[in-house]
Structures are given as C-alpha cells and as structure tokens.
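Reviewing the structure listed below.
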Amino acid sequence: MQELTPKEVVAALDRYVIGQEDAKRAVAVAIRNRWRRLRLPEGLREEVAPKNIVMIGPTGVGKSEIARRLAGMINAPFIKVEATKYTEVGYHGRDVESIIRDLVELSIGMVRSEQTEVVRDRAETLTEERILDTLLPYADHDFVDEPGSESAQRRHRTREKLRSQLRAGHLEDREIRLTMPQKSSPVTAIATMVSPGDMPPELQDMFERLVPDQQRDRTMTVREARKQIFAQEAESLIDREKTIQMAIRRAEDSGIVFIDELDKVCGTETMTGPDVSRQGVQRDLLPIVEGSTVSTRHGMVRTDHILFIAAGAFTQSKPSDLMPELQGRFPIRVGLGDLGEGEFVRILTEPDNALIKQQIALLGTEGIELEFTEEAIREMAAMAHRANEHLSNIGARRLYTIIEKVVEDISFYAPDAANKQVVIDADYVRMRLADIMQDEKRSQYEL
Ligand SMILES: Nc1ncnc2c1ncn2[C@@H]1O[C@H](COP(=O)(O)OP(=O)(O)OP(=O)(O)O)[C@@H](O)[C@H]1O
Ligand SMILES: [Mg+2]
681 MQELTPKEVV AALDRYVIGQ EDAKRAVAVA IRNRWRRLRL PEGLREEVAP
731 KNIVMIGPTG VGKSEIARRL AGMINAPFIK VEATKYTEVG YHGRDVESII
781 RDLVELSIGM VRSEQTEVVR DRAETLTEER ILDTLLPYAD HDFVDEPGSE
831 SAQRRHRTRE KLRSQLRAGH LEDREIRLTM PQKSSPVTAI ATMVSPGDMP
881 PELQDMFERL VPDQQRDRTM TVREARKQIF AQEAESLIDR EKTIQMAIRR
931 AEDSGIVFID ELDKVCGTET MTGPDVSRQG VQRDLLPIVE GSTVSTRHGM
981 VRTDHILFIA AGAFTQSKPS DLMPELQGRF PIRVGLGDLG EGEFVRILTE
1031 PDNALIKQQI ALLGTEGIEL EFTEEAIREM AAMAHRANEH LSNIGARRLY
1081 TIIEKVVEDI SFYAPDAANK QVVIDADYVR MRLADIMQDE KRSQYEL
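Under my numbering, the sequence shown has 735 at position 55, and the numbering climbs by one with no breaks.
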C-alpha cells in the first residue's frame, strides 16, 4: 500500500465522515509526520516526538467514526481502545500496557503477511509438489525407481498429468490424507479463565513451549489441503526472528494508538470513589504516552514514538482536568463542531454507507424499489435536529432512530407488498413522526 498524503487521508475520510475538517486535517498531518520523521537523519529522528492529538466534541459528531475509518486505511499498526475499559478495579498498570502488546501482535500480523507475499511463489511451488506426492504416493518406500528406467518415466508422466489436472482445478474436491502438526494449546484452555492479554508474557511463552507438537493424520479435500500446506511452507520460508524484529520496529516507529472516551477517565477534584481509579488510569497511561519500555513476549518495545490520538466529549470535564503531565503530552487539540440540519442531510445521503443507501439496499432484497424524495430527506434532517434540541443532543445518532421510525411500516409489510414501488415523501415523514414529536413522553422513548 502507498503511504497516504494528508490530502489523500482527508479524501478517504470524506467518504464516510461529513464535515469536521479540522479534525480530519490534524489527524492526516499527524500521520504524515510519522512518514516524515523516518526520513530524517538518525540523530534528529530520535528527537522528534509525535504530535499527539485530542479530538474534542459533543457526542455523536464523528470522533469515533474518524478513528474507525482511519483504521481501515492506513498502512501502519493501528489500535483503538476505550479508556474506560481500564477503569475497573484490579485492572491497573499491566493492563494498560497490554495496549502496546496488542499493537505489537498487530504489527507482527502485518509484517508476516507481507513476508508471505515475498515467499508466495516459492511456497506455492512447494505446496504443489507436496500435493502431488500425496496424490501419487510411492507404493513402497524402500523401492525407488531407477532413474531413467521405464517405470520411472511412466511415473513421471503420470505425475505431470496429475499436475496439469491439478492446475486446471479438476482435483479440488479429491480427498487426500495429510499428516499435520496439531497444536492443542493449553493456552486456549487457560484463556477461558484468564484472557491471554492478562497473562504475563513469559508465562504465555512457557505454556506454549510445554505443548509438544502433535502429528495427526487428517483427511481433507485438495482445496483445503492447499491452504494448510501453503501456510506451513510459507511459515518455514519466513525468517521468524527477522519478522519479529521488523514488527517491533514498525510498532515503535509507525504505531498509532487511538484512545477513545478519554474524558471518561477524567475525574473531578473531589477524588472519591471511581474518580480515584480514573486518576489511576491516567497515571498508568502516562508512562506509555510519555515514552517508556514495555515488555512483551517478543521483546522490549519502546513507546517514545508511538502516536496517540485521543478523543472525548469533555462535557462533564475539560482537558485541563487531566493530569498536567498528560495534558502536556497531547499538544494538539481539535474541536469537532455540532452537526446541523445541513450536515444531517449530507450524512443521510452522501457517505458510502449512508443510512438512506442502506435502507434502499435492504428493501431491495425484497424486490421493493424504495425512493426518498429530497423533501423527505430534508424533513428527516429537520426532525432530527429538533429532537436533538428538545430532548438531548445525541448528534448524528439521532438519525438512526428517525429513519427506523420512518420505514418501520414499509419494512414490516415489505415481503407481502403488492406495490413494489414505494416513494417516501415529506408528508409521509411528517405522518410517521409528527405525533411522536408532539408527545414529549413518547418522543423520549421512541426517538
Ligand atoms: N460527521 C459525521 N459524518 C457522518 N456520520 C457521522 C458523523 N458524525 C456521526 N456520524 C454517525 O453517527 C454515529 C456516531 O458517531 P461517533 O461514534 O463518531 O460519535 P462520537 O463523536 O464518537 O460520540 P461519543 O462522544 O458519544 O463517543 C457514527 O457511527 C456515524 O454513523
Ligand atoms: Mg465515540
């Protein structure tokens, strides 16, 4: 994958997130700065600290959505966590470090699949040979045909015939017997009691080494066998140690951690009850964000250059309520604004996954040709906006309930509908929503 320029990152985000230009730009620049840093001379490179970002904005305006979409598009180890996950009692210190361990695992996965591409041709050749060996086994292992003999030539011809059948895909469903190593890992057994992330890495390793590789005969189709043998062959062609070294480097230099709901670990000054544990999470996060070394099962990982992007609504608290050290580590603050009627119209219609597109596609499976008039869409946006003003402001999330209410009946009757052409106009929207909007009690429950 190509490294994206800031413009390209923004353009890719535009496909899903409406507005919020400042946040998109800040994130895009921060990501590009990783790439820039790696092109600096060694000494300077060490000095450049990542420009960590906090995205601040009310609920439902696209903070998490930006993170979610970023995850899919950048060519770097990227992990998204909720700060609140780390509040529970007994989940301190070590558990926050598990963020970094997960990041490394992700990075290993990335590097390994790149390495697999490098050895793909060779591994595919080896795989084919092994499948042919299984399809045409030697009857007796002690007996090998004299090279050049009549029988050896016959064997060779048969093998080549099988090879062309195999390549033509004629043997995919043929069943063969394979001896495969089997890992019956006690780690998984234990994992049902303790999640592996909570287990000290040394212990995890020890458990894995305790389990001998078992060999087991299995019958499977050629199609299935090819996948398994390929995985095995690729694995043996890849230098494991090098992969891990590369992956750790990549996590250290390009890794990105998105911490969502940062405001929720922001206690008020009173410092009682849960606030204490919230402060605890901040204290645990600090060394990782400031730069420290975390031990993982694959080795030590330095966090100095990992980019952190945080997000929070900060309605009950302010970024200035965070521990001062943590504030200093998030120098870039970007605000995400409230969404208005105009944005709602665009959110309903424009993104690749827009709600209107989804409804049309869903009902399309029933043979219904659903259509929303422009006025209907404007009406829904207006209603959503009003509901946000009168009830509570939940941002674009309001659109979900609004649209569900509007299509409720159509959706219910769709399978038996005689008329397959359905047009939703402004009157229909009003008809569906007006009563509810007028009745405060009902709207509290239904919108
Ligand atoms: N700017 C936007 N463009 C497109 N869709 C949006 C936008 N903002 C919100 N949405 C929609 O609303 C949903 C909720 O938004 P999101 O999860 O980003 O909220 P948030 O800002 O993280 O709020 P919270 O502070 O409650 O976590 C998203 O899944 C998305 O479908
Ligand atoms: Mg969110």
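Heads up, the beta-carbon is just placed ideally off N, CA and C, and yes, glycines get one too.
All values derive from a computational prediction rather than experimental measurement.
- Annotated three-state conformation of Leu720 is coil, per DSSP.
- According to the DSSP assignment, Ile1116 belongs to the alpha helix (DSSP H) that extends over 1106 to 1118.
- Taking the Cα positions, Ala1106 is about 21 Å away from Gly1044.
- Taking C-beta separations shorter than 7 Å and ignoring five residues to either side along the sequence, the partners of Trp715 in its chain run Glu683, following chain order.
- Inter-residue distance for Pro757 and Ser934 is about 7 Å (C-alpha atoms, whole angstroms).
- Between Ile989 and Val761 a beta carbon distance of about 11 Å is seen, past the 8 Å cut, so the two are scored as non-contacting.
- Secondary structure at Ser1072: coil, using DSSP grouped into helix, strand and coil.
- Any heavy atom of ligand 2 counts here; residues with a Cβ closer than 7 Å to one of them, in chain order, are Lys743, Ser744, Asp940, Glu941, Ala991.
- The three-state reading of DSSP puts Gln996 in coil, since its state is none of H, G, I, E or B.
- Remark: the shortest separation between the CB of Gly699 and any heavy atom of ligand 1 falls under 7 Å.
- Put simply, the backbone Cα of Ile1074 is about 35 Å away from that of Val784.
- The distance from the Cβ of Arg854 to that of Leu812 is about 12 Å, inconsistent with a contact at the 8 Å cut-off.
- Per DSSP, Lys687 is not a residue of any beta strand (DSSP E); the alpha helix (DSSP H) it occupies stretches across 686 to 694.
- At a threshold of 7 Å, Gly1075 counts as near ligand 1, since its beta carbon sits closer than that to one of the ligand's heavy atoms.
- DSSP lists Arg982 as the beta-bridge partner residues of Thr973.
- Relative to the non-hydrogen atoms of ligand 1, the Cβ of Gly1022 never comes closer than 7 Å to any of them.
- If one requires a minimum length of 3 residues, the beta strand (DSSP E) runs lying completely within the segment 1012 to 1041 are 1012 to 1015, in chain order.
- Taking 7 Å as the cut-off, the C-beta of Ile1027 counts as close to a heavy atom of ligand 1.
- For the options Arg977, Arg920, Gly1015, the alpha carbon positioned closest to that of Ala993 is the one of Gly1015.
- No alpha helix (DSSP H) of 4 residues or more sits fully in the segment 794 to 832.
- By the Cβ test, the segment 732 to 747 is in contact with the segment 1006 to 1023, since at least three Cβ pairs between them sit closer than 8 Å.
- Taking Glu1030 as the centre and dropping the five residues before and after it, the same chain places the C-beta of Ile698 closer than 7 Å to its C-beta, in chain order.
- Shortest Cα-Cα distance from Ser975 to any of Ala692, Asp782, Leu693 involves Asp782.
- For ligand 1, no non-hydrogen atom lies closer than 7 Å to the CB of Pro721.
- The beta carbon of Leu851 lies closer than 6 Å to those of Gln845, Val902 in the same chain, with the five residues before and after it left out.
- Fewer than three Cβ pairs drawn from the segment 964 to 978 and the segment 902 to 922 lie within less than 8 Å of each other, which leaves the two stretches out of contact.
- In this structure, the beta-carbon distance from Ala747 to Ala931 does not fall below 8 Å.
- Here DSSP, grouped into helix, strand and coil, assigns Val697 to coil.
- Classified as exposed, Gly752 has fewer than 16 neighbouring CB atoms from the shown chains inside 10 Å of its CB.
- DSSP places Phe758 inside the beta strand (DSSP E), whose first and last residues are 758 to 762.
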